[in-house]
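Structure record follows, encoded as structure tokens.
In the numbering used here, the protein residues as written are 26 to 203.
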């Protein structure tokens, strides 16, 4: 495995997000060796969303147009963050792109969105690599979704396969040196 390859993973043992897995309708995790290990967990997330591919933005725009027809909220785009703000400028409760910053802990941040149809929590966990990644900083992005009703389940039908592709694509930015 090359250092910049993203790989399917699990929620990091002992992480905050691991406790959210029971009863989840959907969850996935992707990990990669960080090209900029000096960045904290929120800094890794900011770096990732600032490099959102155009096709992901277009999918988000399509999502926002379609869900508006059934009364769900327009989230905007993943990269809609203030380019002047660094990770130290955010506190829990702040919006960070399409998410609200829920928690900042040493080595892990939780971001999310909660509405009447579903609750989404994204964890960005930064820790030491294991096995082949020994000596490297490993960043794991874990997404956990709890649906609340039939509209949440219906929403997740097309989102689940799209999310797997988007998650893997997005985390690659964390492993890129440029």
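Yeah, the Cβ is synthetic: ideal placement off N, Cα and C, and Gly gets one too.
Problem set entry | Same chain, Cβ closer than 6 Å to residue 197, five either side skipped, listed in chain order | 31
Exercise. Taking the DSSP output, what are the residues bridged to residue 264?
Worked result: The structure shown does not extend to residue 264, since the chain is modelled only from 26 to 203, so the question has no answer here.
For this session: Just grab the DSSP bridge partners of residue 177 for me.
Result: DSSP, once it has assigned bridges, lists no residue as partnering residue 177.
For this session: Could you work out which residue in 200, 202, 186 is closest to residue 84 when comparing CA atoms only?
Result: Nearest of 200, 202, 186 to residue 84, Cα basis: 186.
Problem set entry | Contiguous alpha helix (DSSP H) assignments of at least 4 residues, all confined to the segment 44-100 | 66-75, 79-93
Exercise. Below 8 Å, can you find three or more Cβ-Cβ pairs linking the segment 48-64 to the segment 159-178?
Worked result: Touching, per the Cβ criterion.
Exercise. For the ligand ADP, is there a heavy atom less than 7 Å away from the beta-carbon of residue 34?
Worked result: Looking for the ligand ADP in the displayed structure turns up nothing, as the structure carries no ligands at all.
Exercise. For residue 108, which residues from the same chain have a beta carbon less than 8 Å from its beta carbon, with the 5 sequence-adjacent residues on both sides left out?
Worked result: 75
Problem set entry | Cβ shell of residue 128 (< 8 Å), same chain only, five flanking positions each side left out | 41, 117, 134, 135
Exercise. Cα-Cα, which of 92, 147, 69 is closest to residue 112?
Worked result: 69
Problem set entry | residue 153: first and last residue of the uninterrupted beta strand (DSSP E) it sits in | 143-153
Exercise. Which residues in the same chain as residue 176 place their Cβ atom closer than 6 Å to its Cβ, once the five residues preceding and following it in sequence are excluded?
Worked result: Sequence-distant partners of residue 176 (beyond 5 residues in either direction) whose C-beta falls short of 6 Å from its own C-beta, in its chain, are 142.
Exercise. Between residue 192 and the rest of its own chain, which residues show a CB-CB distance below 8 Å, the 5 nearest in sequence each way excluded?
Worked result: Result list for residue 192: 53, 55, 166, 168, in chain order.
Problem set entry | Limits of the unbroken beta strand (DSSP E) element including residue 103 | Unbroken run through residue 103: none, as it is neither H nor E.
For this session: Using a threshold of 8 Å, state whether the C-beta atoms of residue 119 and residue 102 are closer than that.
Result: no
Exercise. So residue 140 packs on residue 98, CB below 8 Å; how close in whole Å?
Worked result: 7 Å between Cβ atoms; contact.
For this session: Taking all protein chains shown into account, decide if residue 145 is buried (16 or more other Cβ within 10 angstroms of its Cβ) or exposed.
Result: Burial state of residue 145 is buried, judged by a 10 Å Cβ sphere holding 16 or more other Cβ atoms.
Exercise. What is the DSSP secondary structure of residue 201, counted as helix, strand or coil?
Worked result: coil
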